[in-house]
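Residue numbers (this note's numbering), protein chains in the order written: chain L, 3 to 434; chain X, 112 to 239; chain E, 37 to 165.
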Amino acid sequence: MEKSDSASVLAKVDEVYRLESRRVLATLIRLLGDFDLAEEAVHDAFRAAVEQWPKEGLPGNPRAWLVSAGRFKAIDGIRRRARFDESAADLARHWEGLATGDEETPASPSSPGGEPQGLEDDRLRLIFTCCHPALAPEARIALTLREVCGLTTEAIARAFLTEPSTLAQRIVRAKAKIREARIPYEVPAPDQRPERLEAVLRVLYLAFNEGYSPSSGAEVARADLSGEAIRLGRLLVELLPDPEAKGLLALMLLHESRREARASDQGELILLEEQDRSRWNRGLIREGSSLVEEALLSRRFGPYTLQAAISAVHAEAETAEATDWAQIAGLYDVLWRADPSPIVELNRAVAVAMRDGAEAGLSLLDDLMARGLLADYYLLHSARADLLRRLDRKVEAAEAYRLALQSARQEPERRFLEKRLSQLEWKNPGET
Amino acid sequence: MKYLCLAYGDEQKYAAMSKAEIEEMGVKCKSHDEEMRQGGHLALIASLAPTRSTTTLRPLNGKTVLFDGPYAETKEQVGGFFILEARDLNEAIQAASKHPAARVGEKMGCALEIRPIEFYEVTEAIQA
Amino acid sequence: MKYLILAYYHEKTFEKTSPEEMKAIVAQCEPLDQALYATGKMEMVASLAATKDTVSVRPRQGKPWVTDGPYVETKEQLGSFFLIEAEDKNEAIRLASMHPAANLGENMGWGIEIRPIEFCRAKENAPPK
Chain L
3 MEKSDSASVL AKVDEVYRLE SRRVLATLIR LLGDFDLAEE AVHDAFRAAV EQWPKEGLPG
63 NPRAWLVSAG RFKAIDGIRR RARFDESAAD LARHWEGLAT GDEETPASPS SPGGEPQGLE
123 DDRLRLIFTC CHPALAPEAR IALTLREVCG LTTEAIARAF LTEPSTLAQR IVRAKAKIRE
183 ARIPYEVPAP DQRPERLEAV LRVLYLAFNE GYSPSSGAEV ARADLSGEAI RLGRLLVELL
243 PDPEAKGLLA LMLLHESRRE ARASDQGELI LLEEQDRSRW NRGLIREGSS LVEEALLSRR
303 FGPYTLQAAI SAVHAEAETA EATDWAQIAG LYDVLWRADP SPIVELNRAV AVAMRDGAEA
363 GLSLLDDLMA RGLLADYYLL HSARADLLRR LDRKVEAAEA YRLALQSARQ EPERRFLEKR
423 LSQLEWKNPG ET
Chain X
112 MKYLCLAYGD EQKYAAMSKA EIEEMGVKCK SHDEEMRQGG HLALIASLAP TRSTTTLRPL
172 NGKTVLFDGP YAETKEQVGG FFILEARDLN EAIQAASKHP AARVGEKMGC ALEIRPIEFY
232 EVTEAIQA
Chain E
37 MKYLILAYYH EKTFEKTSPE EMKAIVAQCE PLDQALYATG KMEMVASLAA TKDTVSVRPR
97 QGKPWVTDGP YVETKEQLGS FFLIEAEDKN EAIRLASMHP AANLGENMGW GIEIRPIEFC
157 RAKENAPPK
């Protein structure tokens with residue numbers, strides 16, 4: 003332990019808070035068996051750190067110190083209540099008996115694999131619990147952002163364009179359900195893991211997309227949520243090196259790599275083929291591409307990995323013209339088998355158009371429309387419009403752009419569609 | 112902790128099943144029933160007569176009024192139920208999911224509803 | 037013969053009930069509950085957590101798919117249930133009519149459903165009936 007001056011110690015406490023508070027929380031939730039009590043305990047622990055570390059010096063293991071302090075503050079608190087309540091006294095005794103997790107403990111019923119409790123990162127328990135399918139989807143994402151990422155309720159509410167009180171209620175409700183229905187604080191057993199992990203990945207991707215392209219509003223993207231989702235994705239891959247988790251992280255990194263090029267300074271939307279590739283973040287592309295390779299090698303990959311692979315092929319192309327559309331179309335074929343959703347079908351049609359020509363792509367899109375799918379999805383109409391435009395079927399293209407405008411809600415996308423529409427109607431000399 | 116599991120299905124669709132389909136379901140149900148028995152979590156299991164045999168009682172203007180049929184008209188009805196004893200929700204879901212309503216009968220609107228039980232009491236009568 | 041008795045109520049209304057109103061309701065229910073218990077025909081009684089703590093599991097491509105919340109949306113929700121032993125339908129109706137939900141709570145959507153049980157097995161030790 004070193005004694006340092008007050009200011010540098012307090013700066014250190016801040017740093018520890020930034021880096022470790024979530025992990026401390028996750029462990030305290032396990033020890034105290036309650037989200038709210040654990041949150042209080044974290045606050046108390048850091049308050050104690052601010053008081054004691056300047057005097058005693060920095061502890062060798064700050065996280066362990068904080069967990070210990072938080073736990074004792076909680077036991078103290080419940081002891082005071084124990085004078086009136088026997089069950090509180092029982093609880094205090096129970097908490098005291100629990101190992102904090104920095105030492106190994108023998109297998110217990112709540113560690114199905116017989117793994118020592120200490121070695122399983124409590125953050126993994128926390129992530130799986132917050133993303134439990136028994137919780138409403140909106141509740142999962144709110145709870146995860148709050149508890150795992152440490153975002154404030156206000157920040158989350160702002161990101162989702164909800165009232166803070168609504169969001170706070172959602173989180174309260176979720177914690178109550180965890181208590182009442184007895185959702186356990188554990189990493190799912192291996193046979194449950196695929197579906198449970200899928201739920202986690204879905205939450206992450208939702209958060210990322212909300213940050214990348216929010217459901218409505220004037221901005222093209224809100225950076226904070228995407229950053230949080232990526233941070234969480236990195237943590238997940240670190241704790242659970244699953245191929246699909248890597249695939250999702252890769253997908254998010256590759257999308258993120260194009261953030262600077264996606265919109266003009268005026269907030270205008272720029273399509274992939276028109277983006278200034280020098281503004282793409284090569285570091286993120288490298289990281290994403292190597293994750294894709296790792297995931298593909300495992301042969302246990304799924305839709306996220308495939309989408310990331312497609313994104314990686316785009317990222318490799320020096321120019322839009324150099325894009326390997328054959329590879330992309332091939333990847334979409336595989337993706338469509340794994341995930342036969344209309345949106346995948348749409349994207350596959352666009353790739354086929356690039357590889358085999360506009361007619362081929364258009365017939366696939368017309369087929370989608372004929373089945374009544376994606377009628378309210380502006381990208382379907384916009385894709386059709388683009389192909390019709392390339393085929394010089396201008397009247398039909400204009401019709402399709404108008405349909406697209408009916409379902410487009412974001413300002414930058416609307417402006418883009420209106421521009422395309424006006425380009426059709428205004429015949430510039432020499433325009434094909 | 113105890114959980115009530117309600118097994119839902121679309122009665123009309125059941126009625127429309129062919130003999131072969133009914134037999135196939137029966138086989139699946141039997142093997143699942145055995146699995147549940149082995150599981151050790153089961154406190155009670157029961158199957159119910161179709162909803163046409165249901166009677167409803169409602170207080171109206173201070174009197175108890177009798178109606179023929181279920182309390183609420185729903186597309187899917189409860190065909191059976193069981194009570195599980197489980198350490199936590201995951202264990203309950205695992206055990207409950209062995210029931211056919213959670214695995215087969217997708218086209219017949221089958222599903223399970225799992226509800227935590229707050230209070231539970233068995234009198235001596237049922238042990239007989 | 038065994039019958040399943042289901043007691044329904046309107047959850048949202050119930051949640052808005054004040055503590056005083058609640059006390060009054062409980063006071064009215066007590067004598068009815070006691071009379072029902074005294075018949076000796078009750079075999080099992082259970083009350084449920086609110087529907088917001090419900091979980092649904094349904095088949096999706098042959099595998100169980102877990103979602104939050106109830107499977108069916110109804111105006112009134114199931115609050116408690118019990119098993120009774122009765123000679124016939126008439127006796128079942130007579131017994132069920134003693135339950136508070138058949139007599140009170142009209143403005144809270146109270147009601148009773150009586151369903152004959154075709155098959156019942158309690159624990160591994162008891163033989164099936």
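Every residue gets a Cβ at the ideal spot worked out from N, C-alpha and C, and that includes glycine.
- Query: Hey, is residue 182 of chain L's beta-carbon within less than 8 Å of any beta-carbon in chain X?
  - Reply: yes
- Check the Cβ-Cβ distances between residue 119 of chain L and every residue of chain X, and say whether any is below 8 Å. Because the pLDDT of residue 119 of chain L is 46, which lies under 50, any placement of that residue in the model is unreliable, and the number read from its coordinates should be weighed accordingly. No - not a single Cβ of chain X is within 8 Å of the one on residue 119 of chain L.
- Alpha-carbon spacing of residue 128 of chain L relative to residue 187 of chain L, whole angstroms: Residue 128 of chain L and residue 187 of chain L have their C-alpha atoms roughly 7 Å apart.
- Task: Please go through the same chain and pick out, in chain order, the residues whose beta-carbon is closer than 6 Å to the beta-carbon of residue 73 of chain L, but skip the five residues on each side of it.
- Result: 33, listed in sequence order.
- List, in order along the chain, the chain E residues whose C-beta lies closer than 8 Å to that of residue 215 of chain X? Ordered by position in chain E, the residues that pass the 8 Å Cβ test against residue 215 of chain X are 95, 98.
- Kindly indicate which residue of E:149, E:159, E:37, E:47 has the alpha-carbon position closest to the one of residue 87 of chain E. E:47
- In the DSSP assignment, what are the bridge partners of residue 153 of chain E? In DSSP, residue 153 of chain E forms a bridge with X:159.
- Query: How many Å lie between residue 216 of chain X and residue 308 of chain L at the Cα?
  - Reply: 32 Å
- Query: Which two residues bound the contiguous beta strand (DSSP E) that contains residue 190 of chain X?
  - Reply: Per DSSP, residue 190 of chain X belongs to the beta strand (DSSP E) from 188-196.
- For residue 84 of chain E, which residues in chain X fall below 9 Å Cβ to Cβ? Below the 9 Å Cβ cutoff, chain X contributes 115, 226, 227, 228, 229, 230 as neighbours of residue 84 of chain E, in chain order.
- In this structure, what does DSSP give as the bridge partners for residue 91 of chain E? X:225, E:104
- Taking a Cβ distance cut-off of 7 Å, strictly less, list which residues of the region 150-161 of chain X are near chain E, in chain order. 154, 155, 156, 157, 158, 159, 160
- Use the C-beta contact count for residue 244 of chain L: other C-beta atoms within 10 angstroms, 16 or more gives buried, fewer gives exposed. buried
- Message: List, from N- to C-terminal side, the alpha helix (DSSP H) runs of 4 residues or more that fit wholly inside the region 285-346 of chain L.
- Response: 305-318, 327-340
- Item | Pair within 8 Å by beta-carbon distance, residue 109 of chain E and residue 145 of chain E | no
- Jot down the residue ranges of each uninterrupted beta strand (DSSP E) in the region 143-176 of chain L, minimum 3 residues, whole runs only, in chain order. Counting only runs of at least 3 residues, the region 143-176 of chain L fully encloses no beta strand (DSSP E) element at all.
- Query: Smallest Cα separation from residue 436 of chain L: which of L:176, L:25, L:140, L:155?
  - Reply: Residue 436 of chain L falls outside the range modelled here, since chain L spans only 3 to 434, and no answer is possible.
- residue 221 of chain L to residue 148 of chain L, Cα distance in whole Å? Because residue 221 of chain L sits at a pLDDT of 49, beneath the cut-off of 50, its placement in the model cannot be relied upon, and the following sentence gives the value as read from the coordinates. Rounded to the nearest angstrom, the two C-alpha atoms are 23 Å apart.
- Message: Three or more C-beta pairs under 8 Å: does that hold for the region 21-28 of chain L against the region 40-59 of chain L?
- Response: By the Cβ criterion, the region 21-28 of chain L is in contact with the region 40-59 of chain L, since at least three pairs of Cβ atoms, one from each stretch, lie closer than 8 Å.
- Can you pull the DSSP bridge partners for residue 170 of chain X? Partner(s): X:175.
- Message: To be precise: take each residue of the region 136-159 of chain L, compare its Cβ to all Cβ atoms of chain E, and keep it if any distance is under 9 Å. Which residues remain?
- Response: 136, 137, 138, 139, 141, 142
- C-alpha gap between residue 61 of chain L and residue 125 of chain L, whole angstroms: 22 Å
- Task: Kindly list the residues whose CB is nearer than 8 Å to the CB of residue 314 of chain L, restricted to its own chain and excluding five residues on each side of it in sequence; keep chain order.
- Result: 252, 256, 287, 290, 291, 294
- Message: Please list, in chain order, the chain L residues whose beta carbon lies closer than 7 Å to that of residue 112 of chain X.
- Response: Correct list: 184.
- Task: Please list the partners that residue 67 of chain E has in chain X, where partner means a Cβ-to-Cβ separation under 9 Å.
- Result: The premise fails here: residue 67 of chain E is roughly 15 Å from chain X at the closest Cβ pair, so nothing lies under 9 Å.
- Message: Once the 5 residues before and after residue 153 of chain L are set aside, which same chain residues still bring their CB inside 6 Å of it?
- Response: Closer than 6 Å at the Cβ level, and outside the excluded window around residue 153 of chain L, lie 147.
- For residue 497 of chain L, which option in L:82, L:423, L:15, L:38 has the closest C-alpha, if you only look at C-alpha atoms? No answer is possible for residue 497 of chain L: the residues shown for chain L start at 3 and end at 434.
- Task: Could you tell me whether the Cβ atoms of residue 131 of chain E and residue 137 of chain E are closer together than 8 Å?
- Result: no
- Task: Could you check what DSSP says for residue 104 of chain L in three-state terms: helix, strand or coil?
- Result: Residue confidence is low: residue 104 of chain L scores 49 on pLDDT, short of 50, so the model does not pin down where it sits. Its coordinate-derived value is still stated next. Here residue 104 of chain L sits in coil by DSSP.
- Item | First and last residue of the uninterrupted alpha helix (DSSP H) at residue 11 of chain L | 8-34
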